[in-house]
Structure formats: structure tokens, C-alpha cells
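Colleague: From first to last, the protein sequence lines are chains A and B. Quick note: my numbering has the first sequence finishing at residue 207, numbered continuously throughout. Quick note: my numbering has the second sequence finishing at residue 1136, numbered continuously throughout. This structure is in C-alpha cells; I'll ask about it shortly.
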Amino acid sequence: MGKVARQVVEQAGVNVNVLLDKLLRAAGAEFTTFYYYTILRVNAIGFDGEGLKEIIEDARIEDRNHFEALTPRIYELGGALPRDIRGLADIAGCPDAYLPDNPLDMKKMLHVLVEAERCAVRTYTEICNMTFGKDHRTYDLALAILHEEVEHEAWFSEYLEEGPSGHFRRGAPGTSPYVRRFMSADIG
Amino acid sequence: MCTRHPGFLVSMAFQKLALVEDIPAGRTKFACAGDFPVILANWEGRIYALHGLCPHQNNPLEGAALWDNLIDCPYHHFMYDVRTGENYFPKNVYPQSYPKLQEQVRPLRTYPVELRENEVWVDLA
């Protein structure tokens, strides 16, 4: 924990315990989404699924990156991940992204994916709103994640023909163009 | 914090829970009638009242955001239609084949609302 790192945030008027709860829920959602997206990606097969597979992989790896980038900030502020992984899954701030009953129905799968990303966009917008002008480091991190979640939503939304966004897929899987500067692990 | 469930409700009838100006358009307000929680929401100028605990894990809906007609639980982002109390998300993407999941997406109970001058009265009976 960073004593002054926490103190300056408290003195700026942020309830650090509430913020930590939000960061933990966000980290839990990233971790569980990484797990569920693995199942979705494996099942993205066939004429429609093969085209979807690569962007699921980008989103899957970047969600894992988000978990890794969030974790140090949680500890800096005096928080900790639950010692039992089941506890992390239980507090995850977004619903689980289950494989649809018919795994070959790519439209159903796209709805699962786009709703998961929309939940993430709302989550990081809340954290940005809470920390803007007060907790510069958490805000910077949450904004970087938000940039990527907005792009993920756009990818899946475009597949559903909801309108163009102008975004394009990554050059290599899950490169996290915004979050990579917060990563301690090598992401290639 | 008020955390009582609808099943415990005895006859409470109409209760004054807020002033109209406490709930601007597009916002929610968490209120307690004794220890009974209610979430009030103003969607497009009309005020709706629903039970104040999310049926998913019984967390209070205090601080819930309103996205169009959907109340967004701040804990796990389960979303409910203010008009009917029906769960929208994740019910719209949860597989039907898991009965356990369907239990998580039960509706929020809704309550009739009356505006008396600038006061919001809710029928909790």
C-alpha cells in the first residue's frame, strides 16, 4: 500500500473504500469475462463464427490486460484481491457472459458480447466520473481501459449492423494500445 | 439502511417519500418508508416507484443510474425496466437452459405513484 498515495486521494474528497469496491468489482468482471470469452471464442466456428473469432480474441486478451493493470492500483490504495477466487467471481461487477444455448447462433453470441462490453463501458465511466480531478492515477487508468472497452463495444455493435464506428481490429491479438503502459507484464 | 423485503410488508398504503424536485428527469432517488426500501425514478418526466433491493443479491439500489427506461443496479449492473420491473439485462442474454440463472433475473416489484402538488406519494400496500 502507498500511504501517501491513498491519503492524497482521501484528502481530495474521494471515499477510497467505495472506490476500492468499484475497482475490485471491475477487476472481478475483467477476470470472469476473460474466462467466459475463452469459451465464446472456442465456440466461434463455422461460416459466421470464424470471422468473429479474431475480435473475440482481441477483447478476451485485453480484458485480461485490464485485470492485470487494475490489480496494482487496488493494492496501492490499500485494497486486496479476495484470497478465494470464488469471492472474486461473486463480486464481479458485470453479469457472466454465458455461452448461448445454441452455440452456433452467432447473433445470440454477439448479443452476449456487446452487452458485456456495454456493462464495462458503464463501469469505467462511473469510475472516471468518481475520480476526475481528484484521483489522477486511477482516473488515467480507468480512462485508458474505457477507451478499449468503447472500441470492443463498437466491434461487436458493427457486427450487429448497428452502425459504423470507424474502428479497426488490432494489428496483433490483444495489444491494448491504451492500457499497455500500465502493464507490468510483457504483452508482446 | 432500510432492507425489508416485500414479503414482510403489512398494509402501509400511500406514503410520502420525496418531493418532485428531488428526482430530476433521468435520475433516481433511494427512499425508505420506515425500514422498507423504495427506488424512485424519473423517466421522461414521469415518476416510477419500485422495490429498492435488487432481486439478484438483495443489494440496495441506492445510487442506481437510469439509462433511458432502465434502472442500473450499481453492484452488478443488472438492469430493470422502470415501467414493469422486468429484468432487461442480463435476462436478454442468459441461456434459458440454466434454471438457476433465471432465478437471478426475477422482476422488481412496482408500486403505484401519485403526485400530490409537489409531493411524491407511493402506494406500498
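Yeah, the Cβ is synthetic: ideal placement off N, Cα and C, and Gly gets one too. Bear in mind that the values here come from a model prediction, so they are computed numbers and not experimental data.
Would you call K126(A) buried or exposed, if buried means 16 or more other Cβ atoms sit within 10 Å of its Cβ?
Modeller: Exposed: under 16 other Cβ atoms inside 10 Å.
Colleague: What does V131(A) reach in chain B if we use C-beta pairs closer than 8 Å?
Modeller: What V131(A) touches in chain B: V1104.
Colleague: Cutting at 7 Å between CB atoms, please list the residues of its own chain near Y55(A), excluding the five before and the five after it.
Modeller: Only D115, A116 and Y117 meet the Cβ criterion.
Colleague: Kindly list the residues whose CB is nearer than 8 Å to the CB of L89(A), restricted to its own chain and excluding five residues on each side of it in sequence; keep chain order.
Modeller: These residues qualify, in order along the chain: L42, A45, A46, E49, L160 and I164.
Colleague: Counting beta carbon pairs with one atom in the stretch 150-158 of chain A and one in the stretch 131-142 of chain A, are three or more of them shorter than 8 Å?
Modeller: Too few Cβ pairs lie closer than 8 Å, so no.
Colleague: Run through chain B and tell me which residues come within less than 9 Å of D82(A), C-beta to C-beta.
Modeller: Simply none; closest approach about 15 Å.
Colleague: Tell me which residue opens and which closes the alpha helix (DSSP H) that T57(A) is part of.
Modeller: Per DSSP, T57(A) belongs to the alpha helix (DSSP H) from V35 to N62.
Colleague: Interface residues of chain B around E49(A) at Cβ under 7 Å?
Modeller: In chain order: nothing, as chain B lies at least about 14 Å away.
Colleague: If you follow the alpha helix (DSSP H) that F1041(B) is in, where does it begin and where does it stop?
Modeller: Counting along the chain, F1041(B) falls outside any alpha helix (DSSP H), though it belongs to the beta strand (DSSP E) covering T1039 to A1044.
Colleague: Give me the subset of the stretch 1023-1037 of chain B whose CB atoms are less than 7 Å from a CB atom of chain A, sorted by chain position.
Modeller: Under the 7 Å Cβ criterion, the stretch 1023-1037 of chain B contributes no residue.
Colleague: So the alpha helix (DSSP H) R105(A) belongs to, where does it begin and stop?
Modeller: Looking at the DSSP string, the run of the alpha helix (DSSP H) that includes R105(A) is I104 to I110.
Colleague: Which stretch, first to last residue, makes up the alpha helix (DSSP H) that contains M149(A)?
Modeller: Where M149(A) is concerned, the enclosing alpha helix (DSSP H) stretches over M125 to T150.
Colleague: Indicate the three-state DSSP secondary structure (helix, strand or coil) for Y158(A) in the structure shown.
Modeller: Helix, per DSSP.
Colleague: At 8 Å on the CB atoms, spell out the chain A contacts of Q1107(B), in chain order.
Modeller: Those within 8 Å of Q1107(B) in chain A are D120.
Colleague: If you reduce the DSSP assignment to three classes, tell me which class P1071(B) lands in.
Modeller: Three-state result, P1071(B): strand.
Colleague: Give a yes or no on whether the minimum CB-CB distance between H1088(B) and chain A is below 7 Å.
Modeller: Output row for H1088(B): interface = yes.
Colleague: Check each candidate in V33(A), A135(A) and E69(A) and name the one with the smallest Cα separation from V169(A).
Modeller: Answer by Cα proximity: A135(A).
Colleague: Please confirm if F1041(B) has its CB atom under 7 Å from at least one CB of chain A.
Modeller: F1041(B) does not count as touching chain A.
Colleague: So the alpha helix (DSSP H) N1098(B) belongs to, where does it begin and stop?
Modeller: Looking at the DSSP string, N1098(B) is not in any alpha helix (DSSP H); the run it does join, the beta strand (DSSP E), is N1098 to F1100.
Colleague: State the start and end residues of the unbroken alpha helix (DSSP H) segment that holds D67(A).
Modeller: That run of the alpha helix (DSSP H) goes G65 to E95.
Colleague: Please compile the residues from chain B whose C-beta is within a distance smaller than 8 Å of the C-beta of G112(A).
Modeller: Ordered by position in chain B, the residues that pass the 8 Å Cβ test against G112(A) are Y1086, H1087 and H1088.
Colleague: What residue does the beta strand (DSSP E) around E1125(B) start on, and which one ends it?
Modeller: E1125(B) -> beta strand (DSSP E) spans V1124 to R1127.
Colleague: Does the beta carbon of Y94(A) sit closer than 7 Å to a beta carbon anywhere in chain B?
Modeller: Cβ-Cβ to chain B under 7 Å: no for Y94(A).
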